[in-house]
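Under our numbering, read the sequence shown as residues 16 to 86, first letter to last.
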Amino acid sequence: MTDSYEDILNLPRPVSGRHPRMPIEDRAAQFAPFSALSGYEDAIREAAKQAEESARDEYGTRPLSDNDDKI
C-alpha cells in the first residue's frame, strides 16, 4: 500500500497562507470527551430502572442494585 504513496511520502507538510496554525491546546480540546448525545445517560438509567422493575415484578425479588434505597 505504501508503494502508491511513495511520491508524496517525504514531501514537507503544506502550510496554509490563509489560516494560521492552531495552538496545540486548542487542537487537543477538539478531541476532548464531550456529551454528544444529550439525555443519553438519563435514557440508560431509565432503561435500567425499567428492567429492574420488570425483574422484580416477574420474580418477586429484592432490588438488583443498592441504589434504590438512596433514591
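Beta carbons are placed, not taken as given, at the ideal position from N, Cα and C, and that holds for glycine.
Alpha-carbon to alpha-carbon, residue j and residue i
i   : j   : result
Q45 : V30 : 20 Å
R28 : S19 : 18 Å
I59 : L26 : 48 Å
P35 : Y55 : 37 Å
Contact with chain D by residue i, beta-carbon distance below 7 Å
i   : result
D41 : In the structure shown, chain D does not exist; there is a single protein chain.
Counting only runs that start and end within the region 19-55, where is the alpha helix (DSSP H) found for 4 or more residues in a row?
Here the runs fully enclosed are 39-45.
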